[in-house]
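Student: Handing you this structure, nothing more for now.
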Ligand SMILES: Cc1cc2nc3c(=O)[nH]c(=O)nc-3n(C[C@H](O)[C@H](O)[C@H](O)COP(=O)(O)OP(=O)(O)OC[C@H]3O[C@@H](n4cnc5c(N)ncnc54)[C@H](O)[C@@H]3O)c2cc1C
């Protein structure tokens, strides 16, 4: 642990909290981890014990049983549950508290919050987040699970896969299509109790994370009360994009804590393992490899804490969360490889924890958005000047702006055809206005056009309502044009004169 870095981000109270959590884990978790890994299950009673000690719901307000603490207590929590040589153990409370229930807390109705948050904070309920499907993982917009509104219920049909906590969990925040033809605006989030009739689930056998369950879940005409809709219908994609920042940050924090723990374990082994008449930590080549790893870990950790600080301050830091997730999880894989090498043949034997660490880290560059997706987000920021503005909040926000913009466009496109095909790149949302036929067609989700305008939903709204002058928008860079400028000019026919 780098004390200078810790002193900068953690108060003595944070450190006291860390100490008591670490002691609890040493007593209640570490002695049983091997057993739980072998059984591929952590007893649910453990989470009640976590809850009774006040270790859950750190960031949730007291009205739901939470502690209302600052985000760096959550950082401590994520670090400590990642220092047990079982990625599968750590992922259970992290998914429950930071990857599933935040959607209910941030966007859910008071009824949903009262129903689902207190039992999670007491450790009585385990939650899952259901995004991935057999044919759609990275491409979230491609999900097929369907929810059809019938009276005061949704009828859900479809399949999810790779769902952490999906087998032993109690409820799932389920990503569904409520309006398939509406593109990104046809995606919604529903809370679904996992014991509902029509649900079948199977545990998947996997390379690592043995203590956690990862399930495929089938939904056959599952009836879900309409009040279980999180936030507004059609806004689920935007809620997800925001929530994924926390998921990625927590992933990065856990990855770094795991590296540090693995390095401590490895350095202890290197101090006692003899070769050629001396401890192997005397061989310069090995010392330098560990020193290099230490340097890289501390550099990335510093950046991860910086991203945590931005998050704690409420900054919508897509770039920083993405970099943190990318670098920390890639480094965790490198660290596992390097550390295992220090153990020689013993590193390959299951009796040594490094073998499990080697298996467990492999998922980190895949789950929660793969490294390729992280690089894709960064490339868009770096090369395409893409900006990410905070999506919907319960009172409205950017997702509502997109909805309003699309509505405005529909209204204004009802006039004479503009004679050309123009694409609009609104960040997370793409559409094409095809005015080459007898009427203007609005094609949501389409991208192919000889001319594409990059503009934020807010600026497009200002253009469509006459609050922003098109020429000024172009000259100031608020609108960027890819393709033929003459075609772009035709879009002005939709703006007020
Ligand atoms: C143990 C485990 C736990 C998980 N837990 C959950 C969970 O709780 N909830 C949940 O919803 N999901 C969960 N997942 C699923 C996980 O998030 C997905 O596996 C991940 O998002 C990748 O999706 P995919 O597997 O469909 O791969 P694909 O999307 O098919 O990708 C295959 C490969 O192509 C690359 N690729 C895809 N698109 C691009 C692109 N545009 N540019 C460059 N490369 C690209 C990917 O990086 C990857 O290397 C879990 C997975 C595992 C294994």
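Residue numbers (our numbering): 72 to 568. For every residue, glycine included, the Cβ atom is placed at its ideal position computed from N, Cα and C. For clarity, every value in this text was computed on a predicted model and none was experimentally measured.
State yes or no: is the C-beta of residue 285 nearer than 7 Å to some heavy atom of ligand 1?
Tutor: Yes, ligand 1 has a heavy atom inside 7 Å of this Cβ.
Student: Taking C-beta to C-beta, are residue 270 and residue 293 nearer than 8 Å?
Tutor: Yes. Within cutoff.
Student: What residue does the beta strand (DSSP E) around residue 225 start on, and which one ends it?
Tutor: Its beta strand (DSSP E) spans residues 224 to 235.
Student: According to DSSP, simplified to helix, strand and coil, what is residue 204?
Tutor: DSSP places residue 204 in strand when its eight states are reduced to three.
Student: How should residue 173 be labelled, buried or exposed, when 16 other C-beta atoms within 10 angstroms of its C-beta is the threshold for buried?
Tutor: Classification of residue 173: buried, given that the 10 Å Cβ count is 16 or more.
Student: Going straight from the alpha carbon of residue 399 to that of residue 390, what length do you get?
Tutor: Cα to Cα, the separation comes out at about 14 Å.
Student: Suppose the cutoff is 8 Å on Cβ atoms and the five residues either side in sequence are ignored; what does the same chain contact list for residue 203 look like?
Tutor: These residues qualify, in order along the chain: 231, 232, 233 and 234.
Student: Thinking just about the alpha-carbon of each residue, which of 227, 353 and 334 is nearest to the one in residue 299?
Tutor: The residue with the shortest Cα to Cα distance from residue 299 is 227.
Student: Is the beta carbon of residue 244 sitting closer than 8 Å to the one on residue 171?
Tutor: Going by C-beta atoms, residue 244 is nearer than 8 Å to residue 171.
Student: With respect to 7 Å, is the separation between the Cβ of residue 439 and the closest non-hydrogen atom of ligand 1 below this value?
Tutor: Because some heavy atom of ligand 1 lies under 7 Å away, the Cβ of residue 439 counts as near it: yes.
Student: Which whole runs of the beta strand (DSSP E) in the stretch 415 to 497 are 3 residues long or more, in chain order?
Tutor: As far as the stretch 415 to 497 is concerned, its whole beta strand (DSSP E) runs of at least 3 residues are 492 to 496.
Student: Looking at residue 458 and residue 498, is the spacing between their C-beta atoms short of 8 Å?
Tutor: For residue 498 and residue 458, yes; Cβs fall inside 8 Å.
Student: Is the beta carbon of residue 261 less than 8 Å from the beta carbon of residue 301?
Tutor: For residue 261 and residue 301, yes; Cβs fall inside 8 Å.
Student: Comparing C-alpha positions only, which one of 191, 138, 524 and 117 sits nearest to residue 553?
Tutor: For residue 553, the nearest C-alpha among the options comes from 524.
Student: Say yes only if the C-beta of residue 166 is nearer than 7 Å to one or more non-hydrogen atoms of ligand 1, and no if none qualify.
Tutor: Under cutoff, so the answer is yes.
Student: Please determine whether the Cβ atom of residue 455 lies at a distance below 7 Å from any heavy atom of ligand 1.
Tutor: Result no, Cβ not under 7 Å from ligand 1.
Student: So, is residue 356 buried or exposed, given that buried needs 16 or more other C-beta atoms within 10 angstroms?
Tutor: Classification for residue 356: exposed.
Student: Who are residue 287's beta bridge partners in DSSP?
Tutor: 273, per the DSSP bridge assignment.
Student: Could you compute how far the alpha carbon of residue 158 sits from the alpha carbon of residue 102?
Tutor: About 16 Å.
Student: Pair every Cβ in the stretch 439 to 448 with every Cβ in the stretch 357 to 370, then say whether three or more of these pairs are closer than 8 Å.
Tutor: At 8 Å Cβ cutoff, the stretches do not touch.
Student: As a quick exercise: from 351, 440, 441 and 527, pick the residue whose alpha carbon is nearest that of residue 473.
Tutor: Residue 527 is the option with its Cα nearest to residue 473.
Student: Confirm, please, whether the CB-CB distance from residue 428 to residue 156 is below 8 Å.
Tutor: Yes, the Cβ-Cβ distance between residue 156 and residue 428 is below 8 Å.
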